[in-house]
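S.K.: Residues in the sequence shown are numbered from 16 upward in steps of one, following this note's numbering.
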Amino acid sequence: MKKHFAFSSIFLLAISSLASNAAQALNLFEAYELALRNDPVYRSASKDYEAGMENNPIGRSAVLPKLTASYNQNANRATQWGAQYTGGPNIAYNWNYPSNYSYVQVVQPIFSLDAFARWRQGIAQADLSQSKFIFNTQDLLLRVLQAYTDVLFSLDQLQFQTAERDAFYEQYKAAKSLNKNGEASVTDMLEAEAAYQVADAKLVDAKDAVENAKRKLDSMLGEPMESASKLSKLSGNFQFINLPTTRFEDWKDKALASNAELKAATSNVEIAKQEYRKNHGAHYPVVNLIGAFSTQTSNTVTSINQTFNQTYVGVQLNMPLYSGGEVNARTNQAYSNYEKAQADFEVTRDKLITELRKQYDLVVSGKQKVQALSSAQESATQLVKAMRKSVSAGDKINVDVLLAEKGLFNTRRDLAQTKYNYLIAYLRLCQLGGSLDGDDFQKVAAYFK
Numbered sequence: 016m017k018k019h020f021a022f023s024s025i026f027l028l029a030i031s032s033l034a035s036n037a038a039q040a041l042n043l044f045e046a047y048e049l050a051l052r053n054d055p056v057y058r059s060a061s062k063d064y065e066a067g068m069e070n071n072p073i074g075r076s077a078v079l080p081k082l083t084a085s086y087n088q089n090a091n092r093a094t095q096w097g098a099q100y101t102g103g104p105n106i107a108y109n110w111n112y113p114s115n116y117s118y119v120q121v122v123q124p125i126f127s128l129d130a131f132a133r134w135r136q137g138i139a140q141a142d143l144s145q146s147k148f149i150f151n152t153q154d155l156l157l158r159v160l161q162a163y164t165d166v167l168f169s170l171d172q173l174q175f176q177t178a179e180r181d182a183f184y185e186q187y188k189a190a191k192s193l194n195k196n197g198e199a200s201v202t203d204m205l206e207a208e209a210a211y212q213v214a215d216a217k218l219v220d221a222k223d224a225v226e227n228a229k230r231k232l233d234s235m236l237g238e239p240m241e242s243a244s245k246l247s248k249l250s251g252n253f254q255f256i257n258l259p260t261t262r263f264e265d266w267k268d269k270a271l272a273s274n275a276e277l278k279a280a281t282s283n284v285e286i287a288k289q290e291y292r293k294n295h296g297a298h299y300p301v302v303n304l305i306g307a308f309s310t311q312t313s314n315t316v317t318s319i320n321q322t323f324n325q326t327y328v329g330v331q332l333n334m335p336l337y338s339g340g341e342v343n344a345r346t347n348q349a350y351s352n353y354e355k356a357q358a359d360f361e362v363t364r365d366k367l368i369t370e371l372r373k374q375y376d377l378v379v380s381g382k383q384k385v386q387a388l389s390s391a392q393e394s395a396t397q398l399v400k401a402m403r404k405s406v407s408a409g410d411k412i413n414v415d416v417l418l419a420e421k422g423l424f425n426t427r428r429d430l431a432q433t434k435y436n437y438l439i440a441y442l443r444l445c446q447l448g449g450s451l452d453g454d455d456f457q458k459v460a461a462y463f464k
């Protein structure tokens, strides 16, 4: 785990060196730095990891010696009845004396299937905790990017809804003017007014969406942003990421070898297997090597002021005979859970390959979609320019320009969302492939300036 903490420290230093002051926009690096310190999900995962790693020494302790010691200090009062001589009268003797007893014992398992299974299970439980922490560390990168782009997209959506509302408002004003001059019916005017009112209501929803996305990001950062508009936007120069390999089979091999979730499922299988062995081991004897030393002073009224020391070394054999069927039942139960863990592993593996293929396709097709929408944006931009020239020439009216601008904003919104999805799919592809690290995140963060 030391290497994971080292990665975090190095990454934090890199982020700190690039941090901007509070007056500037919050970039993706800074958002991650804040989430690394304050995100409650990640902090919980860190403590869960620390607790889980203790399973290793806990399991190892089952095969190591156990040393125990005890000490007793007592004040004794005793009454002894007896004759001083044969046939004489009984006489009571009262005794008041202190006594003490100390004991030290060491037990070393020699043969114990239960102890050996606990040892191996502790290793598997620690491995599970490490795999879960690696997944949660990678997941934080994805969650920050997702929440960050959700805010940006909500702003894009707000801009689009504003343009749509303005366009419908101009349509309504034009219809109202035409109706006043007798060139349009009341129905046309009412339809235009209804469209404007609906667009205005959608604008309210878009504003709420911005606030909701901002609050979600705020909860991860641990402190509220002054405004959603303070986030650094996606840069205009969008370059596609060069994948380390373009073959899906290569990604599949990497995922099967390194994916954190699959490693966690493998550890779960091993944990269930050792749980079965623990319970099955209750059928077998346990052999321990035992050594002890004891000392006692004035242990009885017949040994007042006498001290006895005793040392012994021996072998202890415990043989289970009958437990009312509990051992068989627990063994059968543990074996069923072991078979369940094996089936769960296969489910996780199949889901991994399916999701890996999905993210791989999203990265490949995302590049094509970005290129297509970029061309569509150029065409929409030229259309807006042409409409403005037509208005100047008297061939078109302002409503035509606004409708063209609405189409342009719509295309820009779709293009931005496609770019966000492309970057998220890239990180998810790396995560599923088991290779997501700070370098991959830096590649994505460079797009937001």
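Beta carbons are placed, not taken as given, at the ideal position from N, Cα and C, and that holds for glycine.
Spell out the partners DSSP gives tyrosine 350 in its beta bridges.
M.R.: According to DSSP, which records beta bridges pairwise, tyrosine 350 is partnered with nothing at all.
S.K.: Let me know the secondary structure DSSP gives threonine 261 once reduced to three states.
M.R.: Looking at threonine 261 - three-state DSSP - the assignment turns out to be coil, as it is neither helix nor strand.
S.K.: Distance check for valine 119 and glutamine 5, CA to CA, integer angstroms please.
M.R.: Beyond the ends of the chain as shown, which are 16 and 464, falls residue 5; an answer cannot be given.
S.K.: How many Å lie between lysine 293 and proline 72 at the Cα?
M.R.: Distance between the alpha carbons of lysine 293 and proline 72 is about 17 angstroms.
S.K.: Can you tell me the Cα-Cα spacing of leucine 258 and isoleucine 149, whole angstroms?
M.R.: When rounded, the distance between both Cα atoms is 22 angstroms.
S.K.: Specify the secondary structure class of lysine 421 as computed by DSSP and reduced to three states.
M.R.: Looking at lysine 421 - three-state DSSP - the assignment turns out to be helix.
S.K.: Give the secondary structure of serine 309 by DSSP, where H, G and I count as helix, E and B as strand, and everything else as coil.
M.R.: Note: serine 309 maps to strand in three-state DSSP.
S.K.: How many angstroms separate the CA atom of histidine 295 from the CA atom of asparagine 87?
M.R.: About 39 angstroms.
S.K.: Going by Cα to Cα distance, which pick from Asp63, Leu160, Glu48, Ser127 is closest to proline 300?
M.R.: Of Asp63, Leu160, Glu48, Ser127, the residue nearest in Cα terms is Ser127.
S.K.: Roughly how far, in whole angstroms, is the beta-carbon of aspartate 359 from the beta-carbon of alanine 279, given that I think they are within contact range, below 8 angstroms?
M.R.: Wrong, their Cβ atoms sit about 10 angstroms apart, outside the cutoff.
S.K.: Run through DSSP, which three-state label would tyrosine 86 get?
M.R.: Correct three-state label for tyrosine 86: strand.
S.K.: Return the chain-ordered list of same chain residues with a C-beta closer than 6 angstroms to the C-beta of asparagine 111, the five sequence neighbours on each side being excluded.
M.R.: The answer, listed in chain order, is Arg92.
S.K.: Does the Cβ of serine 250 have 16 or more other Cβ atoms within 10 Å, making it buried, or fewer, making it exposed?
M.R.: Classification of serine 250: exposed, given that the 10 Å Cβ count is below 16.
S.K.: For tyrosine 211 and alanine 460, I'd like the C-alpha separation in whole angstroms.
M.R.: Roughly 39 angstroms separates the two Cα atoms.
S.K.: According to DSSP, is tyrosine 100 helix, strand or coil?
M.R.: Of the three classes helix, strand and coil, the one that applies to tyrosine 100 here is coil, per DSSP.
S.K.: Under 8 angstroms by Cβ, that's how I've got leucine 447 and asparagine 274 pegged, so tell me the actual separation to the nearest angstrom.
M.R.: At roughly 6 angstroms, the Cβ-Cβ gap stays under 8 angstroms, so leucine 447 and asparagine 274 are in contact.
S.K.: Could you give the C-beta distance for tyrosine 462 and leucine 438, rounded to a whole number, given that I count them as a contact under 8 angstroms?
M.R.: Correct: roughly 6 angstroms between the Cβ atoms.
S.K.: What does the Cβ neighbour count give for arginine 428, buried or exposed, with the cut at 16 atoms within 10 Å?
M.R.: So arginine 428 ends up on the buried side.
S.K.: Look at the alpha carbon of alanine 401 and the alpha carbon of leucine 418, and state the distance between them as a whole number of angstroms.
M.R.: One C-alpha to the other measures close to 13 angstroms.
S.K.: With a cut-off of 7 angstroms, does the C-beta of phenylalanine 360 fall near any C-beta of chain D?
M.R.: Protein chains in the displayed structure number just one, and chain D is not present.
S.K.: For a quick check, are the C-beta atoms of threonine 312 and asparagine 324 less than 7 angstroms apart?
M.R.: The answer is no: Cβ separation not under 7 angstroms.
S.K.: Going by Cα to Cα distance, which pick from Thr326, Tyr47, Val378 is closest to threonine 152?
M.R.: Of the candidates Thr326, Tyr47, Val378, the one whose C-alpha sits nearest the C-alpha of threonine 152 is Tyr47.
S.K.: Apply the 10 Å Cβ neighbour rule to methionine 16 and answer buried if 16 or more other Cβ atoms are within range, or exposed otherwise.
M.R.: Low confidence applies here, because methionine 16 scores a pLDDT of 42, under 50, leaving its location unreliable; read the following figure in that light. Exposed, because fewer than 16 other Cβ atoms sit within 10 Å of the Cβ of methionine 16.
S.K.: Do the segment 128–138 and the segment 189–208 make contact, defined as three or more Cβ pairs closer than 8 angstroms?
M.R.: The segment 128–138, when compared against the segment 189–208, does not touch it at the 8 angstroms Cβ threshold.
S.K.: Any idea what DSSP makes of threonine 322, helix, strand or coil?
M.R.: If DSSP states are grouped into helix, strand and coil, threonine 322 belongs with the strands.
S.K.: Please tell me whether, using a cut-off of 6 angstroms, the distance from the CB of glutamine 331 to the nearest non-hydrogen atom of the ligand COA is below it.
M.R.: Questions concerning the ligand COA fall outside what the structure shown contains, since it holds no ligand whatsoever.
S.K.: Relative to the alpha-carbon of tryptophan 96, which residue among Glu241, Ala90, Pro104 has its alpha-carbon at the smallest distance?
M.R.: Answer by Cα proximity: Pro104.
S.K.: What would DSSP say about phenylalanine 26, mapped onto helix, strand or coil?
M.R.: Because phenylalanine 26 carries a pLDDT of 39, less than 50, the predicted location of this residue cannot be relied on, and no value is offered for it.
S.K.: Go to valine 201, then tell me how far its alpha helix (DSSP H) extends in each direction, as first and last residue.
M.R.: Here the alpha helix (DSSP H) through valine 201 covers 201–236.
S.K.: Between the Cα of leucine 143 and the Cα atoms of Ile286, Ser234, Phe255, Asn194, which residue gives the shortest distance?
M.R.: Nearest of Ile286, Ser234, Phe255, Asn194 to leucine 143, Cα basis: Ile286.
S.K.: Could you check what DSSP says for serine 242 in three-state terms: helix, strand or coil?
M.R.: Serine 242 falls in the coil class under three-state DSSP.
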